[in-house]
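Number of protein chains: 2
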Amino acid sequence: MSEIPPAPLADHLCFALYSASMAVQRTYKPVLDELGLTYPQYLVMITLWAEDGLAVGQIAETLSLESSTLTPLLQRLEQSGLLVRRRDPENERRVIITLTDKGKALRGQAHCVTDRLVSSSQMSTEELARINGEVRRLRAAVVGE
Amino acid sequence: MSEIPPAPLADHLCFALYSASMAVQRTYKPVLDELGLTYPQYLVMITLWAEDGLAVGQIAETLSLESSTLTPLLQRLEQSGLLVRRRDPENERRVIITLTDKGKALRGQAHCVTDRLVSSSQMSTEELARINGEVRRLRAAVVGE
DNA sequence: CAAGAAAATATTTATCGCGATATATTTCGC
DNA sequence: GCGAAATATATCGCGATAAATATTTTCTTG
Numbered sequence: 001m002s003e004i005p006p007a008p009l010a011d012h013l014c015f016a017l018y019s020a021s022m023a024v025q026r027t028y029k030p031v032l033d034e035l036g037l038t039y040p041q042y043l044v045m046i047t048l049w050a051e052d053g054l055a056v057g058q059i060a061e062t063l064s065l066e067s068s069t070l071t072p073l074l075q076r077l078e079q080s081g082l083l084v085r086r087r088d089p090e091n092e093r094r095v096i097i098t099l100t101d102k103g104k105a106l107r108g109q110a111h112c113v114t115d116r117l118v119s120s121s122q123m124s125t126e127e128l129a130r131i132n133g134e135v136r137r138l139r140a141a142v143v144g145e
Numbered sequence: 001m002s003e004i005p006p007a008p009l010a011d012h013l014c015f016a017l018y019s020a021s022m023a024v025q026r027t028y029k030p031v032l033d034e035l036g037l038t039y040p041q042y043l044v045m046i047t048l049w050a051e052d053g054l055a056v057g058q059i060a061e062t063l064s065l066e067s068s069t070l071t072p073l074l075q076r077l078e079q080s081g082l083l084v085r086r087r088d089p090e091n092e093r094r095v096i097i098t099l100t101d102k103g104k105a106l107r108g109q110a111h112c113v114t115d116r117l118v119s120s121s122q123m124s125t126e127e128l129a130r131i132n133g134e135v136r137r138l139r140a141a142v143v144g145e
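Going line by line, the protein sequences match chains R and P.
Per the working numbering, the first sequence starts with residue 1, numbered consecutively.
Per the working numbering, the second sequence starts with residue 1, numbered consecutively.
Structure follows, in structure tokens:
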């Protein structure tokens, strides 16, 4: 039996996702630097702009991250003055995250980040939305819906 | 003028790519653990299985990584006995990476990793190949071909 | 042609992000 | 009340980026 050689790099969907994700993050970086955010921090802010007052675990669920990843990340955002962390009085196991005025104010500048992808890719928003749907469908399939 | 609020998380293509890439990496992890590789190390091995004897800079170019990322990664792979690093006698600025027999032998077990994505996603290989093409096209557009 | 500037290449260092594991701490069920 | 579950934190190693450094090669130019 001859062994099946692994496919060349170009055929690996995992590499396409990996390198595309990195490329987008590099595109965002200059704008995020101006906002004082890293990319995962930016994802947390998007989550909180949509719904404030979430617990750490809820943010972790939304972003598919471990709470052990989020805790230091949120501590840094708190030190930046963008949010406040406090125990939930009704369930002291939980830590509730609340945006400060400064954190809310950052929301207005955030659309510049997304614009960056649209302009750099030179693709229509319809095309980008279509690819978004495909990739989300793939992810859902991989994690089992 | 009211400010444009950023779109909800689901509309962000960057998050779709990011979370899909992470999901695939988590799927691969158990198999890669058995091989003693991390995911970026696996990408390096795929590159070298396709063409051995590359310089650090060529691997960096292929994977869109910085040499400062690759140097410690390659040092770890060397310590694992999978490859050898040595200066190119013809151009002493370069460091040539060569697979050991152990590194070459690992190639036969590697298709198990890819199988993992195909089976977990429950999508046809045609479908996966089509998405691969879409994502690659997006990446190429973002980085400017 | 030779000397020095510039470019190419890899490494080092520092900082942050992320995963995995282990460890509290609190709450809930029996 | 005690054990089990849920939640967050601490710790350690690897990865990614940027900036600084070192070395070699190539270019320029007097």
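Backbone N, C-alpha and C define an ideal beta-carbon position, used for all residues, glycine too.
* Pair within 8 Å by beta-carbon distance, K20 (chain R) and L17 (chain P) -> For clarity, residue 20 (chain R) is Ala in the given sequence; the question names Lys instead. For A20 (chain R) and L17 (chain P), yes; Cβs fall inside 8 Å.
* Could you check what DSSP says for L84 (chain P) in three-state terms: helix, strand or coil? => One point to set straight first is that residue 84 (chain P) is Val, not Leu, in the sequence displayed. In the structure shown, V84 (chain P) sits in a strand (DSSP, three-state: E or B).
* **Straight-line Cα distance separating V31 (chain R) from P89 (chain P)** => 43 Å
* Asked: By the criterion of Cβ-Cβ separation under 9 Å, what are the contact partners of I147 (chain R) in chain P?
  -> There is simply no residue 147 (chain R) to check, as chain R begins at 1 and stops at 145 in what is shown.
* To do: Compare the C-alpha of I96 (chain R) against each of R:L128, R:I59, R:V24 and R:T114 and name the closest.
  => R:I59
* Nearest to S80 (chain R) (by Cα), restricted to the options R:T69, R:L99 and R:V113 -> R:L99
* Asked: Cα-Cα, which of R:L13, R:T62 and R:P40 is closest to L74 (chain R)?
  -> R:P40
* Using the C-alpha atoms, what's the distance from L9 (chain P) back to G36 (chain R)? -> 20 Å
* **Backbone CA spacing between W49 (chain P) and N91 (chain R) [nearest angstrom]** => 53 Å
* Asked: By Cβ distance, which residues of its chain are closer than 8 Å to L82 (chain R), with the 5 residues on each side in sequence left out?
  -> M45, L99, T100, K102, G103 and L106
* Asked: Would a C-beta distance cut-off of 8 Å place V24 (chain R) and V142 (chain P) closer than the cut-off?
  -> yes
* Members of the segment 110 to 142 of chain R near chain P, C-beta cut-off 7 Å -> A110, H111, T114, L117, S120, S121, Q122, M123, L128, I131, N132, E134, V135, R136, L138, R139, A141 and V142
* To do: Leaving out five residues on either side along the sequence, give the residues of the same chain with a beta carbon under 8 Å from the beta carbon of T27 (chain P).
  => R116, L117 and S120
* Asked: Who are the Cβ neighbours of S68 (chain R) in its own chain at under 7 Å, not counting the five residues just before and after it?
  -> none
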